[in-house]
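J.: Per this note's numbering, the very first residue in the sequence shown carries number 19; after that it's consecutive. C-beta atoms are modelled at their ideal positions from N, C-alpha and C, and glycine is treated no differently.
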Amino acid sequence: MVDFVKHRKIYFTVSAVFMIFILVFALVFGVNLDIQFKGGSMVTYSYTGDVDAAAFAKTVESVVGRASVQKTQDVASGTDSLIVSLSGTDSLTAEQQAAMTEALEAAFPENQLTVVQVNNVDPTIGKEFFAKCMVAVAFSALLMVIYIAFRFRRIGGWSAGVMCVVALIHDVMMVFAAFLLCRIALNDNFIAVSLTILGYSINNTIVIYDRIRENRKLQGNDVPVGNLVNASINQTLNRTVMTTVTTVLAIGVVCVVAYIYNVTSIISFALPMIVGMLAGVYSSICIAPQLWVVWQEHKAKKEAK
19 MVDFVKHRKI YFTVSAVFMI FILVFALVFG VNLDIQFKGG SMVTYSYTGD VDAAAFAKTV
79 ESVVGRASVQ KTQDVASGTD SLIVSLSGTD SLTAEQQAAM TEALEAAFPE NQLTVVQVNN
139 VDPTIGKEFF AKCMVAVAFS ALLMVIYIAF RFRRIGGWSA GVMCVVALIH DVMMVFAAFL
199 LCRIALNDNF IAVSLTILGY SINNTIVIYD RIRENRKLQG NDVPVGNLVN ASINQTLNRT
259 VMTTVTTVLA IGVVCVVAYI YNVTSIISFA LPMIVGMLAG VYSSICIAPQ LWVVWQEHKA
319 KKEAK
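This is the structure we're talking about:
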């Protein structure tokens, strides 16, 4: 039997150091925000043949300033496209768009460039969406605490709920780290991944809490909390790990296929999802139950005094 409780200080230290590193990294190098959060314009061009994205971006920047260019392909139709993203609070004017298209047609005359779509993005909408999502996450966390407190009231439900939410914050930070370190633009995929991970992680943690409750009922109140938690984690370990492994393998296949076909929108979801899944199983085993043990031991010492 693996003694998880014995090494809890190591788990706490590793997680704390990594989260501090992520926050420092974000402050030093900045967070790469998607255009929907910082505003700007997006122009999609279809083309034929082969186009050098770097040269394409250089031509765009010579006309309208700093821009990023992303290659995409419609898997169904096989149409190749280039998406030009221009950050800024001011929308791209018709004159600027015409000048940019004219310069690109002159630089790439053999690629039959065609403007497919032009979108001007207001950053206010993105910020409001992000704020509403954060409110939804906070409200979900509150409901989780209330639910866990009621369901596991026999083993100190409020403390179990609070520690579970702390572990969920840890998981969201790991998802944020995946976006940050891989330099993936922070977009609505971050919200989608975070909410998905909350569901998986809370499910794993509740399974362990449920086994703790059952073992407490079977073994009585004289068994030390650390031994109770160790036994419960080991009894559910195979189920917790295998559930995560099978899901990660499936998402991994999706990620590989998306990379082969250069579907960046799927990669920006699948890759952080894999990181979040692994962080979720780690926090369900090494963070939430261990924090609950610390809380219960502290409570017992306080009552003894």
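For the alpha helix (DSSP H) that contains PHE308, what are its first and last residues?
T.: First, the residue type needs correcting, since residue 308 is Gln and not Phe in the sequence shown. 306-322 is the extent of the alpha helix (DSSP H) around GLN308.
J.: When the Cα of SER103 is compared with those of VAL163, VAL225 and LYS76, which residue comes out closest?
T.: Of VAL163, VAL225 and LYS76, the residue nearest in Cα terms is LYS76.
J.: At which residues does the alpha helix (DSSP H) containing ILE215 begin and terminate?
T.: That run of the alpha helix (DSSP H) goes 206-237.
J.: Could you check if ASP70 is buried or exposed, using at least 16 other CB atoms within 10 Å of its CB as the buried criterion?
T.: Answer is exposed; the Cβ neighbour count stays below 16.
J.: Helix or strand or just coil, what does DSSP make of CYS284?
T.: The displayed chain sequence assigns Ile, not Cys, to residue 284. Helix.
J.: Among residues of its own chain, excluding the 5 on either side of ASN50, which ones have a beta-carbon nearer than 6 Å to its beta-carbon?
T.: Closer than 6 Å at the Cβ level, and outside the excluded window around ASN50, lie ARG201 and ALA203.
J.: Specify the secondary structure class of THR261 as computed by DSSP and reduced to three states.
T.: Here THR261 sits in helix by DSSP.
J.: Below 8 Å on the Cβ atoms is my guess for SER158 versus LEU216; work out the distance and round it to an integer in Å.
T.: With 8 Å as the limit, SER158 and LEU216 qualify as a contact, their Cβ atoms being about 7 Å apart.
J.: What do you reckon, are the CB atoms on VAL23 and VAL247 nearer than 8 Å?
T.: Closer than 8 Å, so yes.
J.: Using 8 Å as the Cβ pair cut-off and three pairs as the minimum, do the region 233-241 and the region 255-266 touch?
T.: No, because fewer than three Cβ pairs between the region 233-241 and the region 255-266 fall closer than 8 Å, the two stretches do not touch.
J.: Quick check on SER283: buried or exposed, where buried means 16 or more other Cβ atoms within 10 Å of its Cβ?
T.: So SER283 ends up on the exposed side.
J.: Please check the pair VAL193 and PHE170, which I expect to be a contact at CB under 8 Å, by giving their CB distance rounded to whole angstroms.
T.: No, VAL193 and PHE170 are not in contact; Cβ-Cβ is about 26 Å, not under 8 Å.
J.: Closest to PRO290 by C-alpha separation, out of VAL32, HIS25, VAL136 and VAL190, would be which residue?
T.: Here the closest residue by C-alpha is VAL190.
J.: If I measure Cβ to Cβ from GLY298 and keep anything under 6 Å in the same chain, skipping five residues before and after, which residues do I get?
T.: Excluding residues within five positions, the ones whose Cβ falls inside 6 Å are ASP189, ILE215, TYR218 and SER219.
J.: When every heavy atom of the ligand COA is checked, does at least one fall within less than 7 Å of the C-beta of ASP140?
T.: Among the ligands in the structure shown, none appear at all, so the ligand COA cannot be discussed.
J.: Going by Cα to Cα distance, which pick from LEU198, ASN233 and THR264 is closest to PHE36?
T.: Residue LEU198 is the option with its Cα nearest to PHE36.
J.: Pull up the DSSP beta-bridge partners for ILE101, would you.
T.: Answer is THR62 and GLN88, bridged to ILE101.
J.: So what does ASN138 bridge to, in DSSP terms?
T.: ASN138 is bridged to SER59.
J.: Closest to ASP206 by C-alpha separation, out of ALA116, CYS151 and TRP310, would be which residue?
T.: Measuring from the Cα of ASP206, the nearest candidate turns out to be CYS151.
J.: Should ARG26 be labelled buried (16 or more other beta-carbon atoms within 10 Å of its own) or exposed?
T.: Buried, because 16 or more other Cβ atoms sit within 10 Å of the Cβ of ARG26.
J.: Whole angstroms are fine: how far does the CA of GLN130 sit from the CA of ASN138?
T.: So the two alpha carbons sit approximately 24 Å from each other.
J.: DSSP three-state call for VAL133: helix, strand or coil?
T.: Here VAL133 sits in strand by DSSP.
J.: If you count every other CB in all the chains shown that lies within 10 Å of the CB of GLN314, and 16 or more means buried, which is it?
T.: Buried, by the Cβ-count rule.
J.: Nearest by alpha-carbon distance to ALA154: which of GLN115, SER212, PHE47 and GLY174 is it?
T.: Nearest option by C-alpha distance: SER212.
J.: Can you tell me where the alpha helix (DSSP H) with MET37 in it begins and where it stops?
T.: Residues 26-47.
J.: Between TYR165 and the rest of its own chain, which residues show a CB-CB distance below 6 Å, the 5 nearest in sequence each way excluded?
T.: For TYR165, where only same-chain residues beyond five positions count, there are no Cβ hits under 6 Å.
J.: Let me know the secondary structure DSSP gives LEU110 once reduced to three states.
T.: Here LEU110 sits in coil by DSSP.
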